Amino acid sequence: MSIKDVLTSSVETLVVTFVATVLLIILGIIYFGITLYIVKVASNLFFGKGLEANWAVLSAALLTFGALLAGALGHE
């Protein structure tokens with residue numbers, strides 16, 4: 006195996022890792038936004054009044070964190 010092959014393989018791995026990381030960050034942000042919307046709608050529907058923004062964001066963040074963590078650990 007030549008040095009050129011090793012460098013090519015390393016660069017390809019680095020690019021794939023970078024693209025996957027960016028994609029997962031974008032998907033996490035989208036999932037957080039959807040979860041935030043669901044939390045706000047559900048609070049209006051069940052309690053008749055909306056949550057304060059701080060509590061809605063905290064709830065959505067905890068739900069998103071739990072879902073992403075469960076997805077990551079579920080494959081082991």
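This note's numbering numbers the first residue of the sequence shown as 6 and each following residue consecutively. Idealized CB from N, CA, C, for every residue including glycine. Just so it is clear, the structure is predicted and the values come from calculations on it, not from any experiment.
Restricting to Cα atoms, I'd like to know which of the options is closest to residue i.
i	options	result
Ala65	Leu12, Ala77, Ile43, Val24	Ile43
For residue i versus residue j, is the C-beta spacing smaller than 8 angstroms?
i	j	result
Thr13	Phe37	no
Gly33	Leu73	yes
Go to residue i, then tell me how far its alpha helix (DSSP H) extends in each direction, as first and last residue.
i	result
Glu17	8-52
Gly104	With the chain covering 6 to 81 only, the question about residue 104 has no answer from this structure.
If contacts are defined as beta-carbon pairs under 8 angstroms, then residue i and residue j qualify, I think. What distance do you get, rounded to the angstrom?
i	j	result
Lys45	Gly55	6 angstroms
Leu41	Ala61	6 angstroms
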